[in-house]
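Line order of the protein sequences matches chains A and B.
What the first sequence shows, in the numbering used here, is residues -5 to 216, in sequence order.
What the second sequence shows, in the numbering used here, is residues -5 to 216, in sequence order.
Cβ atoms here follow ideal geometry from the backbone N, Cα and C, with glycine treated the same way.
2 protein chains.
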Amino acid sequence: MNQHLQPVISTASSRIYETLRRDLVGGRFAAGEKLAINALKDHYHVGLSPLREALNKLAAYGLLIQENQRGFRVPTLSRSELDDIANMRLELEGMAFERAIQHGDDVWEAELLAAAHRLKRADLSLEKGEEWEVLHSQFHRTLVAPCGSVWLLRFIEQLHDQFDRYRRLGPKIPTVRQTLDEQHHELVELALQRDSKAARALLDDHIHKSYQVALKRYQEHA
Amino acid sequence: MNQHLQPVISTASSRIYETLRRDLVGGRFAAGEKLAINALKDHYHVGLSPLREALNKLAAYGLLIQENQRGFRVPTLSRSELDDIANMRLELEGMAFERAIQHGDDVWEAELLAAAHRLKRADLSLEKGEEWEVLHSQFHRTLVAPCGSVWLLRFIEQLHDQFDRYRRLGPKIPTVRQTLDEQHHELVELALQRDSKAARALLDDHIHKSYQVALKRYQEHA
DNA sequence: TTATACATAATAATCGATTTTTTAACTGAC
DNA sequence: GTCAGTTAAAAAATCGATTATTATGTATAA
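Set out below in structure tokens:
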């Protein structure tokens, strides 16, 4: 069932990479903050070499800024960047979703239903911790998975991580969240009906509502 | 004049990164090849730490494949991936060019003309070495620069590097190349006239012709 | 032969220490 | 007091060596 049995073998470097990625996306570092490498080393109990390799990867991925001779910083947040990210999500995820609806087979349909179901269970618990976040990412990944473009999927993944830096700034807003949760199931419905047009429209709306949430977070954050 | 006076300060890590990026894009490594880190270390005269940091960045960027406990490999080439990359270029560069034409100011117009002029001088010399490649990249970067989206530019840059792994597989084909060279000037023309529609159509054609070249290279490569 | 277990060589990953560079603190002249 | 120059402390980058893992070779048994 587990499609990527890759990380059975892990290295210190790959583990700390994944940990730091989660923590950066989850907002456990302040935007603009300069990372004290030695402090990180102690905090995460890793050696300097694997830590630096992870930081280099995160910088290439866009979750850190690297400046020669002065280490690594957490990227700052800005309204204009949030707009940029949300717009790119609209374009790329819309494109991918339409293609996925065209190409997705019955295995995909089953995976979609499964992903939506797992997410709904987590929705109900109202305890939206890291586990909900994982299921939520997984759901959106599944939605576009059979789009046929490896690079498109890669870019979308990257944009999601960037977007979540804004969305996860503050505490959850239950009322808006509920609408968004309901849309997940409607997205599956339209996908199964192969209604590209309506599906894309709903996804656009979904991303736009998420954007409103993220923007609110960002503005209340200051 | 030089807008990014950033890499005045460089580190061993950033230097070897840039060198390896160029060599990977320029096809100086065989597709699928496993990199012998020690050999690289000797060949490029760098230490292990900066080399590994560069390799990690290149893997995150997509120019290398990293497998835990078994180092780094050059990604293989495939028809389907070339198709994917070319399609994504069509979508993203088209989008970016249209936006650039909407937002670009008179400074952009001047830079466009300058970039096209420099490229033409290199075209004429028929000696299309690394210098031509740099000017060519710079031209295409300028074309889309004022599109307003940092992330879009980032993705396009990445796709260009990936595309060039195919385009630069074999020797130049003068006849096709000449058509492509001429299109560069026509692209500037249409951009200055702010004719989004025609400009995008020509860019589509330009990318498509480049794709044909890259595909030929790839097929003759085997 | 073919397969399996073991030993050996090669390579990747990591550690601990050193070197280099930047940042902060200090000093004295104006 | 402020500013340039100097020194001290901190941090980043790099090196050389060690450890862990994988790949290779060889001998032995089925």
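Beta-carbon gap between residue i and residue j smaller than 7 Å
{"i": "G164 (chain B)", "j": "R211 (chain B)", "result": "yes"}
{"i": "I79 (chain A)", "j": "P69 (chain A)", "result": "no"}
{"i": "N50 (chain A)", "j": "N50 (chain B)", "result": "yes"}
{"i": "E103 (chain B)", "j": "L186 (chain B)", "result": "yes"}
{"i": "F149 (chain B)", "j": "L57 (chain B)", "result": "no"}
{"i": "I10 (chain A)", "j": "Y38 (chain A)", "result": "yes"}
{"i": "V93 (chain A)", "j": "C141 (chain A)", "result": "What sits at residue 93 (chain A) in the sequence shown is Arg, not Val. Closer than 7 Å, so yes."}
{"i": "A54 (chain B)", "j": "A54 (chain A)", "result": "yes"}
{"i": "A48 (chain B)", "j": "S7 (chain B)", "result": "yes"}
{"i": "Y160 (chain B)", "j": "L52 (chain B)", "result": "no"}
{"i": "L197 (chain B)", "j": "F91 (chain B)", "result": "yes"}
{"i": "F133 (chain B)", "j": "L146 (chain B)", "result": "no"}
{"i": "R22 (chain B)", "j": "I95 (chain B)", "result": "no"}
{"i": "L71 (chain A)", "j": "A110 (chain A)", "result": "no"}
Of the listed residues the options, nearest to residue i (C-alpha basis)
{"i": "R115 (chain B)", "options": "B:T5, B:E85, B:H179, B:G21", "result": "B:H179"}
{"i": "E176 (chain B)", "options": "B:R46, B:K203, B:D189", "result": "B:K203"}
{"i": "I201 (chain B)", "options": "B:A185, B:V182, B:Q213, B:L174", "result": "B:L174"}
{"i": "V128 (chain A)", "options": "A:R46, A:E27, A:V19", "result": "A:V19"}
{"i": "D35 (chain B)", "options": "B:A53, B:T13, B:L184, B:F133", "result": "Just to set this straight, residue 35 (chain B) is Lys in the shown sequence, not Asp. Ranking B:A53, B:T13, B:L184, B:F133 by Cα distance to K35 (chain B) puts B:T13 first."}
{"i": "A193 (chain A)", "options": "A:I167, A:G88, A:A33", "result": "A:G88"}
{"i": "G65 (chain A)", "options": "A:I31, A:H97, A:D17, A:D77", "result": "A:I31"}
{"i": "V170 (chain A)", "options": "A:Y205, A:L197, A:E27", "result": "A:Y205"}
{"i": "R15 (chain B)", "options": "B:L107, B:D100, B:E124, B:H215", "result": "B:E124"}
{"i": "A108 (chain A)", "options": "A:I167, A:W145, A:V182", "result": "A:V182"}
{"i": "L45 (chain A)", "options": "A:S131, A:T5, A:K166, A:S74", "result": "A:T5"}
{"i": "R162 (chain A)", "options": "A:E214, A:S143, A:D199, A:V144", "result": "A:E214"}
{"i": "S119 (chain A)", "options": "A:L209, A:Q172, A:D17", "result": "A:Q172"}
{"i": "A139 (chain A)", "options": "A:V207, A:E105, A:S190", "result": "A:E105"}
{"i": "K28 (chain B)", "options": "B:R67, B:H97, B:V207", "result": "B:R67"}
{"i": "F225 (chain B)", "options": "B:V40, B:S43, B:I167, B:S74", "result": "Missing from the structure shown is residue 225 (chain B); chain B here goes from -5 to 216 and no further."}
{"i": "L153 (chain A)", "options": "A:L42, A:V40, A:V101, A:N81", "result": "A:N81"}
{"i": "D117 (chain B)", "options": "B:L137, B:K166, B:D199", "result": "B:K166"}
{"i": "D99 (chain B)", "options": "B:S131, B:A216, B:L137, B:D155", "result": "B:L137"}
{"i": "S190 (chain B)", "options": "B:G41, B:D17, B:H97", "result": "B:H97"}
{"i": "D17 (chain B)", "options": "B:S131, B:D155, B:P168, B:V144", "result": "B:D155"}
{"i": "P168 (chain B)", "options": "B:G41, B:V207, B:S43, B:V101", "result": "B:V207"}
Boundaries of the alpha helix (DSSP H) in which residue i is found, first to last residue
{"i": "K203 (chain A)", "result": "190 to 215"}
{"i": "D99 (chain A)", "result": "Neither: D99 (chain A) is in no alpha helix (DSSP H) and is coded neither H nor E."}
{"i": "L174 (chain B)", "result": "168 to 186"}
{"i": "N131 (chain B)", "result": "The question names Asn, yet the displayed sequence has Ser at residue 131 (chain B). 124 to 138 is the extent of the alpha helix (DSSP H) around S131 (chain B)."}
Residues bridged to residue i (per DSSP)
{"i": "F157 (chain B)", "result": "Paired residues: none, contrary to the question."}
{"i": "R162 (chain A)", "result": "None, per the DSSP bridge assignment."}
{"i": "L66 (chain A)", "result": "The question names Leu, yet the displayed sequence has Phe at residue 66 (chain A). DSSP, once it has assigned bridges, lists A:Q60 as partnering F66 (chain A)."}
Query - Entirely enclosed alpha helix (DSSP H) segments - the region 0 to 53 of chain A, minimum 4 residues - result: 6 to 19, 31 to 38
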